[in-house]
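Residue numbers (the working numbering), protein chains in the order written: chain A, 28 to 141; chain B, 53 to 165.
What follows is a short report on a single structure.
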């Protein structure tokens, strides 16, 4: 079946603008994760959704970052008033219900803030 | 705070060589450890997942080991091929958390003809 998809694949924006990044998880997956991969740094966890539970937002770097997951499926990561340090690849992953399931990653959105 | 380190950061080997990638983590209270492959401009592909109770996992030419008590894992690639060229990431999943992963910074592998 289809894997995790993300859009757009590339986004160039000006400093101070808001951006929205979209993730379509694998159908039926209850868990959804957002990660950020900055140049020269490893992947860092941002936020996690599990079913109807309150999301784990412990990885969000500032209050300019927010995410929502509508209908338990599609998720949108929003970055307000973008800064140059927000430039990174944003990766989304989804996972099935079993605790041992692996996370399946999308191709990512490359965000460049000028 | 869990820290995951991968050595070496980059590696270049001729085709056919066997090689070992290393991963170390500071907190041994992990649920599992996973090795991923990342190709340029693409997402991550899971290669092997080792549960905390396991010592190793094998898939084809790949073998991953886990020594939880010492905080180490290795990924062994046998008879390397140019198609193995990619960045290899290890990630640990913590116990008692929302299954979020902590990643190492990766090893960039180049297999030359």
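Even for Gly, the Cβ is constructed at its ideal location relative to N, Cα and C.
Keep in mind that this is a model prediction, so the values were computed, not measured.
Check                                                                                                                                                          : Outcome
For residue 86 of chain B, go through chain A and note every residue whose CB falls closer than 9 Å to its CB, in chain order.                                 : 129 and 130
Going by alpha carbons, who is nearest to residue 40 of chain A out of A:120, A:133 and A:113?                                                                 : A:113
When the Cβ atoms of the stretch 65 to 72 of chain B are set against those of the stretch 87 to 107 of chain A, are three or more pairs found closer than 8 Å? : no
Mapping DSSP to helix, strand and coil, what is residue 134 of chain B?                                                                                        : helix
Taking its Cβ as the centre, do 16 or more other Cβ atoms sit within 10 Å of residue 134 of chain A, making it buried, or is it exposed?                       : buried
With a CB to CB cut of under 8 Å and the five nearest residues on each side skipped, what residues in its chain are close to residue 108 of chain B?           : 102, 115, 116, 117 and 118
Go to residue 122 of chain A, then tell me how far its beta strand (DSSP E) extends in each direction, as first and last residue.                              : 115 to 122
Whole angstroms are fine: how far does the CA of residue 104 of chain A sit from the CA of residue 110 of chain A?                                             : 15 Å
What's the call for residue 80 of chain A, buried or exposed, on a 16-neighbour Cβ count within 10 Å?                                                          : exposed
I want to verify the contact list: residues of chain A whose CB lies under 7 Å from the CB of residue 98 of chain B, in sequence order.                        : 129
Would residue 65 of chain B and residue 154 of chain B qualify as a contact pair, given that the criterion is a beta-carbon distance under 7 Å?                : no
So, does the CB of residue 117 of chain A fall closer than 7 Å to a CB anywhere in chain B?                                                                    : no
Under the rule that 16 or more other beta-carbon atoms within 10 Å means buried, what is residue 111 of chain B, buried or exposed?                            : exposed
With H, G and I counted as helix, E and B as strand and the rest as coil, what does DSSP make of residue 90 of chain B?                                        : strand
Run through the DSSP bridge pairs and tell me what residue 71 of chain A is partnered with.                                                                    : A:63
Thinking C-alpha only, which one of A:46, A:75 and A:82 is nearest residue 106 of chain A?                                                                     : A:46
Under 8 Å Cβ-Cβ, which residues of chain B neighbour residue 72 of chain A?                                                                                    : 152, 153 and 154
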